[in-house]
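In this text, residue positions in the sequence shown follow my numbering: the first is 125, and each later residue adds one.
Everything below concerns the one structure shown next.
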Amino acid sequence: MNIWLLHPFAGGPGLGRHWRPFWLADAWRRMGHRVVVVSAGFHHLHREARAAGPQRINDVDFWFLDTPRYGSGSLGRLRNNLSFGPAVRSTANAIAAQFGKPDLMIASSPHLFFISAAHQIARHFDARFWLEVRDLWPESIVALGMTPAWHPLMKVLGWKERAAYRAADRVICLLAGAEAHMRARGLPAGKFLWVPNGVSDGEIQSALTIEKLDHPLIDRINQLKQQGVRVVLYAGGMGPPNAVEAILDAASILGEANSGIHFVMIGSGTSRVALKQRAAGLANVEFHDEVDRSIVHGMLHASDCAVVAFHKNALYHHGISPNKLFDYGLFAPRSVIACEERALVGLEDLVTARCAPDDPGALAASLRAVLNGPVRSRAERVAIAERYSYSTLAAQYLAEPGDPAQV
Numbered sequence: 125m126n127i128w129l130l131h132p133f134a135g136g137p138g139l140g141r142h143w144r145p146f147w148l149a150d151a152w153r154r155m156g157h158r159v160v161v162v163s164a165g166f167h168h169l170h171r172e173a174r175a176a177g178p179q180r181i182n183d184v185d186f187w188f189l190d191t192p193r194y195g196s197g198s199l200g201r202l203r204n205n206l207s208f209g210p211a212v213r214s215t216a217n218a219i220a221a222q223f224g225k226p227d228l229m230i231a232s233s234p235h236l237f238f239i240s241a242a243h244q245i246a247r248h249f250d251a252r253f254w255l256e257v258r259d260l261w262p263e264s265i266v267a268l269g270m271t272p273a274w275h276p277l278m279k280v281l282g283w284k285e286r287a288a289y290r291a292a293d294r295v296i297c298l299l300a301g302a303e304a305h306m307r308a309r310g311l312p313a314g315k316f317l318w319v320p321n322g323v324s325d326g327e328i329q330s331a332l333t334i335e336k337l338d339h340p341l342i343d344r345i346n347q348l349k350q351q352g353v354r355v356v357l358y359a360g361g362m363g364p365p366n367a368v369e370a371i372l373d374a375a376s377i378l379g380e381a382n383s384g385i386h387f388v389m390i391g392s393g394t395s396r397v398a399l400k401q402r403a404a405g406l407a408n409v410e411f412h413d414e415v416d417r418s419i420v421h422g423m424l425h426a427s428d429c430a431v432v433a434f435h436k437n438a439l440y441h442h443g444i445s446p447n448k449l450f451d452y453g454l455f456a457p458r459s460v461i462a463c464e465e466r467a468l469v470g471l472e473d474l475v476t477a478r479c480a481p482d483d484p485g486a487l488a489a490s491l492r493a494v495l496n497g498p499v500r501s502r503a504e505r506v507a508i509a510e511r512y513s514y515s516t517l518a519a520q521y522l523a524e525p526g527d528p529a530q531v
């Protein structure tokens, strides 16, 4: 089967974040399908701009579209987003000449502006059209307080969301509880499929030899542990969706109690400067810049516990699927998440413990309790990770309803 996977911000080796399209494409390729990932030649998550046209990256075929450059301004980013659909439309015949006409067109939605173009192209080639929903637009933007619901752009996105649900032959969502939301906006019964994020098969194998990895930040964690300190690691985004301030407040509580628990914070984001200022007086907190995934995995393995926190927000009632939760589950000996119970539905086996969101005292108590408890063995963590391997998820993704592969 020929599969075109359209994702404006697709990542992968040398590309930056959002590796899911790469891992799915690689897994489908290994299953015998022919796959091309179509992405923007420039976007804000790229490490560097890519020349327009086909490129093969670690045996996965990409086709990069010529999209306009932009800086930090939102208007430039919007212009780039709006250009993706027309660029796909104008390049579709060239992609088909190189990789064959699609049997299946998948549009993955970090934004919705290209969905109608993807649907039209799929119909032109008489291909099935599937929609992958990563975040609920426009609800995510509104619920996180980034834009008011009355804003004209939110009205346009709402219309596009409903049109996309009606057009799709199947909707794959990363959020386990999102079907009711989609059904209320026009998604027909029987078209919803939950496929969360996961971990690559290669990373599961690397977990077996992670001790051999060497890096100064791994050495730093080991040094702290040699001093009798318990190390809690946060590795991820530092922006409004991530309640990193709750982690810092929990660190403050534990620091005042002389608990011997030290926090290492890794990542980047719009709130990083403010978070560093918030933690300026805390002797048991240190920040480091973002590093490659493999180094983060080594740091998780070396740490005593990993932590992640979400705010209390109705948005998360639909579920969550952060990449770091799967990394934590595989590589960290323990992990704690602060979120509402319903947010974690379907992913409970990934974490050691859950506590209430926006409650630093509860998070501090949970961390203390988990650190005083047993570690998860590597064999147990690998067994859990294999349920979320991209080879498993890729098979579930393509399985027909009722097929045993579709869970």
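From the three backbone atoms N, C-alpha and C, an ideal C-beta is built for every residue, glycine too.
Just so it is clear, the structure is predicted and the values come from calculations on it, not from any experiment.
Kindly confirm or deny that the stretch 226-235 and the stretch 402-421 touch, where touching means at least three C-beta pairs closer than 8 Å.
-> Between the stretch 226-235 and the stretch 402-421, the count of C-beta pairs closer than 8 Å stays below three; the two stretches do not touch.
Which parts of the stretch 149-213 are runs of the beta strand (DSSP E), unbroken and 3 residues or longer, counting only runs that do not cross its ends?
-> As far as the stretch 149-213 is concerned, its whole beta strand (DSSP E) runs of at least 3 residues are 158-164, 177-181 and 184-189.
DSSP beta-bridge partners for C463?
-> Residue 463 sits at position 339 when you count from the first residue of the sequence shown. According to DSSP, C463 bridges with nothing at all.
Should V280 be labelled buried (16 or more other beta-carbon atoms within 10 Å of its own) or exposed?
-> Along the sequence shown, one-based indexing puts residue 280 at 156. It is exposed - the Cβ of V280 has fewer than 16 other Cβ atoms within 10 Å.
Bridge partners of I385, per DSSP?
-> In the sequence shown, the residue the question calls residue 385 occupies position 261. For I385, the beta-bridge partners assigned by DSSP are R354.
Buried/exposed call for V432, threshold 16 Cβ in 10 Å | Translated into the one-based positions of the sequence shown, residue 432 becomes position 308. V432 comes out buried.
N-terminal and C-terminal residue of the beta strand (DSSP E) that R258 is part of | Counting from one through the sequence shown, the residue named residue 258 turns up at place 134. Per DSSP, R258 belongs to no beta strand (DSSP E) and is neither H nor E.
In this structure, does DSSP put H305 in helix, strand or coil?
-> As a first step, residue 305 is located in the sequence shown; it is residue number 181 there, counting from the start. DSSP places H305 in helix when its eight states are reduced to three.
Using CA coordinates, which residue listed in A302, A308, R307 and G326 is at the minimum distance from W318?
-> For the purposes of this step, residue 318 is identified with residue 194 of the sequence shown, where counting begins at 1. Checked all of A302, A308, R307 and G326; the closest Cα to W318 is A302.
Terminal residues of the alpha helix (DSSP H) in which N126 lies | Taking the first residue of the sequence shown as position 1, residue 126 is located at position 2. From DSSP, N126 is part of no alpha helix (DSSP H) but of the beta strand (DSSP E) over N126 to L130.
Any idea if A488 is buried or exposed, counting beta-carbon neighbours within 10 angstroms, 16 or more meaning buried?
-> On the sequence shown, residue 488 is found 364 positions in, with the first residue counted as 1. So A488 counts as buried.
Three-pair Cβ contact test at 8 Å for the stretch 277-294 versus the stretch 345-360 = Counting Cβ pairs under 8 Å, fewer than three are found: no touch.
Beta-carbon gap between F146 and G165 smaller than 8 Å = Here residue 146 corresponds to residue number 22 of the sequence shown, with the count starting at 1. Here residue 165 corresponds to residue number 41 of the sequence shown, with the count starting at 1. Result no, Cβ atoms of F146 and G165 do not sit closer than 8 Å.
Identify every residue that forms a DSSP beta bridge with V432.
-> Along the sequence shown, read from residue 1 onward, the residue named residue 432 stands at position 308. By DSSP's assignment, V432 forms a beta bridge with I461.
Nearest to F384 (by Cα), restricted to the options G156, A375 and A273 | Against the sequence shown, residue 384 aligns to sequence position 260. The sequence as given places Gly at residue 384; Phe does not occur at that position. The residue among G156, A375 and A273 with its C-alpha nearest the C-alpha of G384 is A375.
Proximity to G470 [Cα-Cα], best of P481, H442 and P132 | Along the sequence shown, read from residue 1 onward, the residue named residue 470 stands at position 346. It is H442.
Which parts of the stretch 377-424 are runs of the beta strand (DSSP E), unbroken and 3 residues or longer, counting only runs that do not cross its ends?
-> Runs of the beta strand (DSSP E) inside the stretch 377-424: 385-390 and 409-412.
Which residue comes first and which comes last in the beta strand (DSSP E) that contains A300?
-> Numbered from its first residue, the sequence shown carries residue 300 at position 176. Note, A300: premise wrong, no beta strand (DSSP E); not H, not E.
Alpha carbon of Y358 to alpha carbon of E263, nearest angstrom | Taking the sequence shown and counting its residues from 1, one reaches residue 358 at position 234. Taking the sequence shown and counting its residues from 1, one reaches residue 263 at position 139. Computed Cα separation, rounded: 27 Å.
Near H305, which residues of its chain fall below 8 Å by C-beta distance, leaving aside the five closest residues on each side in sequence?
-> The residue labelled residue 305 in the question sits at position 181 within the sequence shown. Same-chain partners within the cutoff: L260, E263 and H442.
Residues in its own chain within less than 8 Å of L268 by CB, not counting five upstream and five downstream?
-> One-based indexing of the sequence shown puts residue 268 at position 144. Correct list, in chain order: P364, P365, N437 and L439.
Taking only beta-carbon positions, decide if G136 is within less than 8 Å of chain B.
-> No chain B is present in this structure, which holds just one protein chain.
Buried or exposed: where does K448 fall if 16 or more other Cβ atoms within 10 Å of its Cβ makes it buried?
-> Here residue 448 refers to the residue found at position 324 when the sequence shown is read from its first residue. K448 is buried by the Cβ-count criterion.
In the stretch 322-369, which residue ranges form an unbroken beta strand (DSSP E) of at least 3 residues, counting only runs that do not cross its ends?
-> The stretch 322-369 contains, as complete beta strand (DSSP E) runs of 3+ residues, the segments 354-359 (chain order).
Using the beta-carbon count (16 or more within 10 Å), is M270 buried or exposed?
-> The residue given as residue 270 occupies position 146 in the sequence shown. M270 is exposed by the Cβ-count criterion.
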